[in-house]
Amino acid sequence: MVRGLAYLHDEMSIIHGNLTASNVLLDEQCNPKIAEFGLFRLMTDAANSIFLAAAGKLGYLAPELSKVEVANAKTDVYSLGVIILELMTGKPPRDNILGMDLAQWVVSTVDEEGTSNVFARVLRWYAEEEQLKNTLKLALQCVDPSPSMRPEAREVLWQLEQICPGSDGGAAGRFIKKDATLVHLEVGDRWSFYIF
1 MVRGLAYLHD EMSIIHGNLT ASNVLLDEQC NPKIAEFGLF RLMTDAANSI FLAAAGKLGY
61 LAPELSKVEV ANAKTDVYSL GVIILELMTG KPPRDNILGM DLAQWVVSTV DEEGTSNVFA
121 RVLRWYAEEE QLKNTLKLAL QCVDPSPSMR PEAREVLWQL EQICPGSDGG AAGRFIKKDA
181 TLVHLEVGDR WSFYIF
């Protein structure tokens, strides 16, 4: 997914503008594929405003889009960070009960309780702790409130390759220890992943 986003930004000069977990599909080998890229560019300004308002309600909208309403590579990286946080925590991007976005919840939980309390239980059991912590740190950089502090998609890809050497940046389960057989990871009430 990150490799695809970096390609869209660097090679195609395309801003996705609607990167959500719903727009990431898995192929037969569980490799993520970005869907609906470029549709954002075809919308009228009025449709964009409605679209951005809906994305904000879902928790994927970068904070600056509520003011500027112009998507760019850094707003896509923010959405990427939210998706990574979803996968790591097993929580949806917006929690109406807590009244905060996932990124806000993770930051407040890490500050108060430490990093291990944010990870989905299954990841704590089967994943390498150092990889989880480094990936969480990277995801938090992606959702930094200041766009200038967020990395470019290609930088995110490079950092993920450093965190998981030998990974092609693709399939779900790159963080799972080699002895794992089958892991079921639920993200909110919308996603369910089986990792072999």
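Each residue of the sequence shown is one higher than the last, beginning at 1 in UniProt numbering.
Here a beta-carbon is modelled for each residue, glycine too, at the ideal position from N, C-alpha and C.
Whole-angstrom distance between residue j and residue i, CA atom to CA atom
i, j, result
"Lys33", "Gln162", "21 Å"
"Thr109", "Glu128", "20 Å"
"Asn117", "Leu19", "26 Å"
"Ala100", "Gly17", "Checking the sequence, you will find Met at residue 100 rather than Ala. Near 22 Å, if we compare the C-alpha coordinates of Gly17 and Met100."
"Val107", "Met12", "33 Å"
"Ser22", "Cys142", "19 Å"
Cβ shell of residue i (< 6 Å), same chain only, five flanking positions each side left out
i, result
"Lys74", "Pro147, Arg150"
"Ile97", "none"
Beta-carbon contacts of residue i that lie in its chain and below 8 Å, excluding the five residues immediately before and after
i, result
"Ile15", "Leu8, His9, Phe40, Arg41, Ala71, Asn72, Ala73, Thr75, Asp76"
"Val24", "Met1, Pro32, Lys33, Ile34, Ala35, Ile83"
"Arg154", "Ala6, His9, Asp10"
"Val121", "The residue asked about is misnamed: residue 121 is Arg in this sequence, not Val. Only Gly90 meet the Cβ criterion."
Opening and closing residue of the beta strand (DSSP E) in which residue i lies
i, result
"Leu123", "Segment 121 to 126 is the alpha helix (DSSP H) holding Leu123; no beta strand (DSSP E) there."
"Ile14", "Run containing Ile14: none; DSSP gives neither H nor E here."
"Val24", "24 to 26"
"Lys33", "32 to 34"
Of the residues the options, the one placed nearest residue i, counting alpha carbons only
i, options, result
"Ala103", "Val82, Asn134, Glu130, Ala153", "Val82"
"Leu160", "Leu138, Arg124, Asp144, Pro145", "Leu138"
"Asn134", "Trp105, Leu85, Asp95", "Leu85"
"Ile144", "Cys164, Glu64, Glu130, Trp125", "With the sequence shown as reference, residue 144 is identified as Asp, and Ile is not the correct amino acid for it. The residue with the shortest Cα to Cα distance from Asp144 is Glu64."
"residue 208", "Pro165, Ser13, Leu140, Ile97", "This structure cannot settle anything about residue 208, because the visible part of the chain is limited to 1 through 196."
"Arg94", "Ala62, Thr115, Glu152", "Ala62"
"Tyr78", "Glu152, Arg124, Cys164", "Glu152"
Contacts around residue i, its chain only, beta-carbon distance under 7 Å, and the 5 residues preceding and following it disregarded
i, result
"Phe119", "Met88, Thr89, Leu132"
"Asp27", "Lys33"
"Glu130", "none"
"Arg124", "Ser116"
The alpha helix (DSSP H) enclosing residue i, as first and last residue numbers
i, result
"Asn72", "Note, Asn72: premise wrong, no alpha helix (DSSP H); not H, not E."
"Ala21", "First-last for Ala21: undefined, no H or E at that position."
"Val156", "153 to 163"
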